[in-house]
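Trainee:
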Amino acid sequence: MTTVAEASPANIPAQPGESMGRVVLGGLMRHAVLIAASFMMLYPLLWMAASAFKPEAIIFTDLSIVPPSLNPRNFFDGWYALEASFSRFYWNSLVVAVLVVIGNVVSCSMAAFAFAKLEFRGKKLFFAMMMATLMLPYHVTLIPQYVLFLNIGWVDTILPLVVPKFMAVDAFFIFLMVQFFRGLPRELDEAAMIDGCGPWRIFFTIILPLSKPVLATAAIFSFLWTWNDFFGPLIYLNDIANYTVPLALRAFVDTTGQSAWGQLFAMSTLALAPIFIFFLLFQRLIIEGVAMSGLKG
Amino acid sequence: MTMMKRRTFLAGALASASAVGLASKAQAQAGTRIRAYWWGNPERDRRTRAVLDAYQVKNASVQVSSESVGWGDYWTKLATQTAGGNPPDLIQMDYRYIYEYSRRGTLLALETQAKVLDMKGFSAGARDAGMVDGKLYGVTMGTNSKAMVYDVAMFEKVGVTKLDANFTWDEMARVAAEISKVNPGKYWGTADNSRWEQGFEHWLNQRGKLLYTPDGKAAFTPADVTEWFDLWDKLRKSGACAPAEVAALNTGSIDQYEISRGVAAMSYANSNQNVAFQAINKNKLGISLFPQQKGMASGHYIKPAMLMSISSKSRSPEDAAKLVNFMMNEAEGAKILGIERGVPGSAAMQAVLGPDLDDLGKAQVNFVAEATKVAVPIPPPPPKGAGEIEVLLRRVGDSVAFGRASVKDGGTQFHQEAVSVLARG
Amino acid sequence: MAASVALASSGQPKLSSRFWREDIHGYLFLLPWFAGFIFFTLGPTLVSLYLSFTKFDLLSPPRWAGLDNYVYMFTQDRRFTAALSVTFIYLIFEVPLKLCFALLVAIALDRSVRGGNLYRAIFYVPSLLGGSVAIAVLWRQLFQGDGTINRIILSLFGVQGPSWISNPDTAVYTLVILAVWQFGSPMIIFLAGLRQIPKDLYEAAEIDGAGKFRQFRSITLPLLGPVIFFNLVLQTIEGFKAFTPAFIVSGGTGGPVDSTLFYTLYLYQEAFANFRMGYASALAWVLLVIIGVFTALSFASARYWVHYDDDRR
Numbered sequence: 003m004t005t006v007a008e009a010s011p012a013n014i015p016a017q018p019g020e021s022m023g024r025v026v027l028g029g030l031m032r033h034a035v036l037i038a039a040s041f042m043m044l045y046p047l048l049w050m051a052a053s054a055f056k057p058e059a060i061i062f063t064d065l066s067i068v069p070p071s072l073n074p075r076n077f078f079d080g081w082y083a084l085e086a087s088f089s090r091f092y093w094n095s096l097v098v099a100v101l102v103v104i105g106n107v108v109s110c111s112m113a114a115f116a117f118a119k120l121e122f123r124g125k126k127l128f129f130a131m132m133m134a135t136l137m138l139p140y141h142v143t144l145i146p147q148y149v150l151f152l153n154i155g156w157v158d159t160i161l162p163l164v165v166p167k168f169m170a171v172d173a174f175f176i177f178l179m180v181q182f183f184r185g186l187p188r189e190l191d192e193a194a195m196i197d198g199c200g201p202w203r204i205f206f207t208i209i210l211p212l213s214k215p216v217l218a219t220a221a222i223f224s225f226l227w228t229w230n231d232f233f234g235p236l237i238y239l240n241d242i243a244n245y246t247v248p249l250a251l252r253a254f255v256d257t258t259g260q261s262a263w264g265q266l267f268a269m270s271t272l273a274l275a276p277i278f279i280f281f282l283l284f285q286r287l288i289i290e291g292v293a294m295s296g297l298k299g
Numbered sequence: 003m004t005m006m007k008r009r010t011f012l013a014g015a016l017a018s019a020s021a022v023g024l025a026s027k028a029q030a031q032a033g034t035r036i037r038a039y040w041w042g043n044p045e046r047d048r049r050t051r052a053v054l055d056a057y058q059v060k061n062a063s064v065q066v067s068s069e070s071v072g073w074g075d076y077w078t079k080l081a082t083q084t085a086g087g088n089p090p091d092l093i094q095m096d097y098r099y100i101y102e103y104s105r106r107g108t109l110l111a112l113e114t115q116a117k118v119l120d121m122k123g124f125s126a127g128a129r130d131a132g133m134v135d136g137k138l139y140g141v142t143m144g145t146n147s148k149a150m151v152y153d154v155a156m157f158e159k160v161g162v163t164k165l166d167a168n169f170t171w172d173e174m175a176r177v178a179a180e181i182s183k184v185n186p187g188k189y190w191g192t193a194d195n196s197r198w199e200q201g202f203e204h205w206l207n208q209r210g211k212l213l214y215t216p217d218g219k220a221a222f223t224p225a226d227v228t229e230w231f232d233l234w235d236k237l238r239k240s241g242a243c244a245p246a247e248v249a250a251l252n253t254g255s256i257d258q259y260e261i262s263r264g265v266a267a268m269s270y271a272n273s274n275q276n277v278a279f280q281a282i283n284k285n286k287l288g289i290s291l292f293p294q295q296k297g298m299a300s301g302h303y304i305k306p307a308m309l310m311s312i313s314s315k316s317r318s319p320e321d322a323a324k325l326v327n328f329m330m331n332e333a334e335g336a337k338i339l340g341i342e343r344g345v346p347g348s349a350a351m352q353a354v355l356g357p358d359l360d361d362l363g364k365a366q367v368n369f370v371a372e373a374t375k376v377a378v379p380i381p382p383p384p385p386k387g388a389g390e391i392e393v394l395l396r397r398v399g400d401s402v403a404f405g406r407a408s409v410k411d412g413g414t415q416f417h418q419e420a421v422s423v424l425a426r427g
Numbered sequence: 009m010a011a012s013v014a015l016a017s018s019g020q021p022k023l024s025s026r027f028w029r030e031d032i033h034g035y036l037f038l039l040p041w042f043a044g045f046i047f048f049t050l051g052p053t054l055v056s057l058y059l060s061f062t063k064f065d066l067l068s069p070p071r072w073a074g075l076d077n078y079v080y081m082f083t084q085d086r087r088f089t090a091a092l093s094v095t096f097i098y099l100i101f102e103v104p105l106k107l108c109f110a111l112l113v114a115i116a117l118d119r120s121v122r123g124g125n126l127y128r129a130i131f132y133v134p135s136l137l138g139g140s141v142a143i144a145v146l147w148r149q150l151f152q153g154d155g156t157i158n159r160i161i162l163s164l165f166g167v168q169g170p171s172w173i174s175n176p177d178t179a180v181y182t183l184v185i186l187a188v189w190q191f192g193s194p195m196i197i198f199l200a201g202l203r204q205i206p207k208d209l210y211e212a213a214e215i216d217g218a219g220k221f222r223q224f225r226s227i228t229l230p231l232l233g234p235v236i237f238f239n240l241v242l243q244t245i246e247g248f249k250a251f252t253p254a255f256i257v258s259g260g261t262g263g264p265v266d267s268t269l270f271y272t273l274y275l276y277q278e279a280f281a282n283f284r285m286g287y288a289s290a291l292a293w294v295l296l297v298i299i300g301v302f303t304a305l306s307f308a309s310a311r312y313w314v315h316y317d318d319d320r321r
């Protein structure tokens, strides 16, 4: 590893030995494989979308992904099926998800910087404690936590879903960022230190700008998991007007009685749109990456 | 719980955070505020919300908020809220859970509200269904009975056009075997009911036995279980009944029943669910009594499809009781709710609803009337641990069906484990 | 070199030691975490530990029971052992398969494939769906007796396969496949990791005449070490805590015949369906110890195969 890492940069060489024809053929093959794989990945989504257009009597026996009609009735009916409309649920979900993204990225990156780059007494112990919080199933802390939030008057508000995230309770993201921060070359912060930078400046001017991919990753996961999270909202939100999208979706299905399947699938399909868009926007930050090469060697 | 006290100091420490302005609107409102909680679906939500609104129009000082989630999540949330000391005022109850909740003092004995909650119009059976240990803890919102759901066309195909008390277990076996021949290996006469606890209970009731004693012990013997497993084992072996792999796919949600999946002509469920079964089925479905045993009881009893209870912690029990009365005893309320939750317990309300019923509704009302004629007394409410035993029968039943345990060993195993579940508490 | 795991506290460059050892900065950066830990995590965690020594039926106050829950678990509870073995089987297959798959796809899509953005988004869709009803329905349609998979097997080999998803011998593997199919999250993390590897390393290797495989072995793998380590540790933890796949496919029953009774599914049943929160808490703490041991072993092994750039001198 060391030898490679210390090799000097050079221009990209032309790929020798690959004729034009082979490149095209290889490209076609690759796309054929990718398209086939995409189909396997998308099938449930397509089925779900098609089911929104099917009569309920055939939904469970029909595997086709071709909608038999294009009557958008389920989309309109589903949107207004509950006491509050989905506009309301989207807004609730969006507020929670955006706040959680901000909370996680800010607080977890700070904690991760401390664990990855700073030295202080008790670090090993704190790190172990943080990792331990990942290991206890949440079902057993649920009730004490509920009592806690009830007593500070937060039940039936979004505060229990949001405020803890500003206090770095998601050890997943801390550990993730620790691993990436440690991958940044130490020469950088050493150089900055010699120039007289304190840890805060190093954090803001060196570590964060170089960590765009991992910050974007954390943002994507925070948004997605919060958007899809069902259990937290179930426990803490009471009034239907405060429901988030996944909680509202559960109201369509009664496993012991009648369910609005068509509306459920219509609304479930729509519910994917925000996360899909968020993903597309933020994955650019991952893919663009950071120009690290110039800093090396 | 002691932790509440210990945690109050946090209230001060974090009060500033809740001042952000996101705090619930609910906290600071004048007048009575009632939280109504039920499980359901959009149709039920719409009806329930309408009835709550109608009540609020007449009683402007009362504010009712609705909280509704699906069946599976309902109990987790209710347990959490109850454990946390923050239960809703109105709680939709199920027969399976009323014992658990009432015995621990979490529900209000409704006799205390007799002034505003009138149970006189209820039939004795419907009223007593909400009783635990001699006190009323729930008002039946609708009655039902177990019912066999069947595919009408399939039955006609093998020459059966009418199902009555002559539809015995033997006749069922014959018809089912015939149906299985129509589309061999793909479609069977009957779903495998050996793994459904309520099916087993029903079969015991036919023989004048019970599943549980009134003090919550196992009232059946290993030999009973073995005989039950043997009944279904023979049906499986003759091809009348769907095989283990097909049965195991039914995990208890309506869309997973064999009849909904289009793999069997008979499934076993509750009469008020027939609307739901029909909604996801192309073919016309009928409901009928379970297969009978000549010279024995029908095994059917009339039970509450759902009950409405009031929390013992409710700050305004009287208003909550008035609201229940509005839903159950007043024509305006009853009309809005309809028979979506089952046939109303009050005869007067049944009469009010009669003219508006559609075909499915009529079939349901007729079925309950039919079942009432032959009904056995309602067994005592299921004891603590009953939910676990339901899962247990599914597990042991599957293991017999898959041939991992013999019929006899299965019978012994189920009895043994059920006894220890009930003893463990 | 590389003498330490994630928590290196010794061997820092002399030059910086005084500066970095100013503990106060570390504590300041950790302040939000401290606050969250003390306010939101510590209390409920300790309460759950306390509850594990009680009988607590959720509806009435907990009663002290000493070690009863733990004794019952290790001496009498056959479902506990069943749940543990189901979870281990799941874990052994799911973690390596999912990680290899995620890494391969991340590498394949990392290079400038035309439409890469779109493919990545599409490959992430299964993870977006999470525990949706649609997945439950389709997984059954795929793996049941006359399902899609068996129709393919029948047409290719002329053999009728079993109902994979409802057969106690095979059900858990259909859940493994489901989990592997939802490989999006580790894939994204690998992608982010790949982006952190300086391009010039590959360019240099290319000049030296190293082939693609050689580049993968001597550049990608070593430099991706910390990220692979992260995914390994986290996927193992998540695997132990797996809940959703079994919950949606078996309707929360863990059937058939407990063959998909994941540990946390059993725990959930005990807590909320069987009203034994005390016992469920004991189950949770035993799980914490098991996961803790595995995680500690991973960290211990990491010193031999995970190298951090900031170890380099």
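Protein chains in written order, with the numbering used here: chain D, 3 to 299; chain V, 3 to 427; chain W, 9 to 321.
Even for Gly, the Cβ is constructed at its ideal location relative to N, Cα and C.
#1: Can you give the Cα-Cα distance for V/G347 and V/A365, rounded to whole angstroms?
#2: Under 8 Å by Cβ, that's how I've got W/T303 and D/M132 pegged, so tell me the actual separation to the nearest angstrom.
#3: Which of the three DSSP states is assigned to V/Y152 in this structure?
#4: If I measure Cβ to Cβ from V/K219 and keep anything under 7 Å in the same chain, skipping five residues before and after, which residues do I get?
#5: Spatial neighbours of V/R46 within its chain, please: C-beta separation below 6 Å, excluding the five flanking residues on both sides.
#6: Could you list which residues in chain W have their beta carbon closer than 8 Å to that of V/R37, in chain order?
#7: Tell me whether V/C243 sits in a helix, a strand or coil according to DSSP, three-state version.
#8: Taking a Cβ distance cut-off of 8 Å, strictly less, list which residues of the segment 250-265 of chain D are near chain V, in chain order.
#9: Does V/R9 have its Cβ less than 9 Å from a Cβ in chain D?
#10: List the residues of chain D that V/E45 touches, going by C-beta distances under 8 Å, in chain order.
#11: Just to confirm the assignment: which complete beta strand (DSSP E) runs, minimum length 3, are found wholly within the segment 66-110 of chain D?
#12: Determine, using beta-carbon pairs with one atom in the segment 91-100 of chain V and one in the segment 301-316 of chain V, whether at least three such pairs fall under 8 Å.
#13: Would D/L27 count as contacting chain W if we go by Cβ distances under 9 Å?
#14: Could you give the DSSP three-state label for W/V297: helix, strand or coil?
#15: Any contact of the segment 259-270 of chain W with the segment 384-397 of chain V, i.e. 3+ C-beta pairs under 8 Å?
#16: Rank V/K137, V/S125, V/E113 and V/S70 by C-alpha distance to the C-alpha of V/P383 and give the top, closest one.
#17: Mind checking whether D/L101 and D/V180 have CB atoms under 9 Å apart?
#18: Closest to V/T82 by CA distance: which of D/M31, D/T143, D/F225 and D/A118 is it?
#19: Among D/L210, D/W229 and D/F233, which residue has its Cα nearest to the Cα of D/S109?
#20: What's the gap between the Cα of W/L122 and the Cα of D/L44?
#21: Under 9 Å, Cβ to Cβ, is there at least one residue of chain V near D/A83?
#22: For a minimum of 4 consecutive residues, which ranges assigned as the alpha helix (DSSP H) are wholly contained in the segment 231-309 of chain W?
#23: Between V/A425 and chain W, is the shortest Cβ-Cβ distance under 9 Å, so that the two count as touching?
#24: Which full runs of the beta strand (DSSP E) of 3+ residues lie inside the segment 283-337 of chain V, going along the chain?
#25: For the segment 69-95 of chain V, enumerate the residues whose C-beta is nearer than 9 Å to any C-beta of chain W, in chain order.
#26: Less than 9 Å between the C-beta atoms of V/W198 and D/D256, yes or no?
#27: I need the straight-line Cα distance from V/D252 to V/V265, nearest angstrom please.
#28: Looking only at C-alpha atoms, which of W/S267, W/M285 and W/W147 sits nearest to W/R86?
#29: Should V/D257 be flagged as near chain D, meaning a C-beta pair shorter than 9 Å?
#30: Just checking, does the segment 58-66 of chain D make contact with the segment 257-273 of chain D on the three C-beta pairs under 8 Å criterion?
#31: Rounding to the nearest angstrom, what Cα-Cα distance links V/S196 and V/H417 in this structure?
#32: Using the C-alpha atoms, what's the distance from D/L274 back to D/F182?
#33: Measure from the alpha carbon of V/A322 to the alpha carbon of each residue in V/V66, V/A56 and V/A242, then state which is nearest.
Mentor: Put simply:
#1: Within the second sequence, residue 347 of chain V is the residue found at index 345, counting from 1. Within the second sequence, residue 365 of chain V is the residue found at index 363, counting from 1. Between V/G347 and V/A365, the C-alpha separation is close to 17 Å.
#2: The sequence position of residue 303 of chain W within the third sequence is 295, counting from 1. The sequence position of residue 132 of chain D within the first sequence is 130, counting from 1. About 12 Å; that fails the 8 Å criterion.
#3: Mapped onto the second sequence, residue 152 of chain V falls at position 150. If DSSP states are grouped into helix, strand and coil, V/Y152 belongs with the strands.
#4: By one-based count along the second sequence, residue 219 of chain V stands at place 217. Cβ within range, chain order: L424.
#5: Stepping through the second sequence from its first residue, residue 46 of chain V is reached at position 44. Excluding positions up to five away in sequence, the list reads E342.
#6: In the second sequence, counting from the first residue as 1, residue 37 of chain V sits at position 35. None at all; the shortest Cβ gap to chain W is about 18 Å.
#7: Numbered from 1 along the second sequence, position 241 holds the residue referred to as residue 243 of chain V. It is a strand residue.
#8: R252, A253, F254, V255, D256, T257, T258, G259, Q260, S261, A262, W263 and Q265
#9: In the second sequence, residue 9 of chain V corresponds to position 7, counting from 1. The pLDDT assigned to V/R9 is 38, lower than 50, so where the model puts this residue is not dependable, and the model offers no usable value.
#10: Here residue 45 of chain V refers to the residue found at position 43 of the second sequence. In chain order: Q260 and A262.
#11: none
#12: yes
#13: Position 25 of the first sequence, counting from 1, holds the residue named residue 27 of chain D. No, no contact with chain W.
#14: In the third sequence, counting from the first residue as 1, residue 297 of chain W sits at position 289. Residue state, collapsed to three classes: helix.
#15: yes
#16: The residue you call residue 383 of chain V lines up with position 381 of the second sequence. With distances taken between Cα atoms, V/P383 lies closest to V/K137.
#17: Counting from 1 along the first sequence, the entry for residue 101 of chain D is found at position 99. Counting from 1 along the first sequence, the entry for residue 180 of chain D is found at position 178. It is not a contact, given that the beta carbons lie outside the stated cut-off.
#18: The residue you call residue 82 of chain V lines up with position 80 of the second sequence. Minimum Cα distance to V/T82 is reached at D/T143.
#19: If you number the first sequence from 1, residue 109 of chain D lands on position 107. Measuring from the Cα of D/S109, the nearest candidate turns out to be D/L210.
#20: Residue mapping note: residue 122 of chain W aligns to position 114 of the third sequence, counting from 1. Residue mapping note: residue 44 of chain D aligns to position 42 of the first sequence, counting from 1. Before going further, note that residue 122 of chain W is Arg rather than Leu in the sequence given. Their Cα atoms are separated by approximately 19 Å.
#21: Along the first sequence, one-based indexing puts residue 83 of chain D at 81. Yes, because at least one Cβ of chain V sits closer than 9 Å to the Cβ of D/A83.
#22: 233-248, 252-257 and 271-276
#23: Walking along the second sequence from the start, residue 425 of chain V turns up at place 423. For V/A425, the answer is no, since every Cβ of chain W falls outside 9 Å of its Cβ.
#24: 287-290 and 305-312
#25: G74, W77, T78, A81, T82, T84 and A85
#26: Within the second sequence, the letter at position 196 stands for residue 198 of chain V. Within the first sequence, the letter at position 254 stands for residue 256 of chain D. No, they are not a contact pair.
#27: The count along the second sequence starts at 1 and reaches residue 252 of chain V at position 250. The count along the second sequence starts at 1 and reaches residue 265 of chain V at position 263. Note that residue 252 of chain V is Asn in the sequence shown, not Asp. Cα to Cα, V/N252 sits roughly 11 Å from V/V265.
#28: Here the question's residue 86 of chain W lines up with position 78 in the third sequence. Cα-wise, what sits closest to W/R86 is W/S267.
#29: Taking the first residue of the second sequence as position 1, residue 257 of chain V is located at position 255. V/D257 counts as touching chain D.
#30: yes
#31: On the second sequence, residue 196 of chain V is found 194 positions in, with the first residue counted as 1. On the second sequence, residue 417 of chain V is found 415 positions in, with the first residue counted as 1. C-alpha separation (whole angstroms): 14 Å.
#32: Counting from one through the first sequence, the residue named residue 182 of chain D turns up at place 180. Counting from one through the first sequence, the residue named residue 274 of chain D turns up at place 272. One C-alpha to the other measures close to 29 Å.
#33: Counted from its first residue, the second sequence places residue 322 of chain V at position 320. The residue with the shortest Cα to Cα distance from V/A322 is V/V66.
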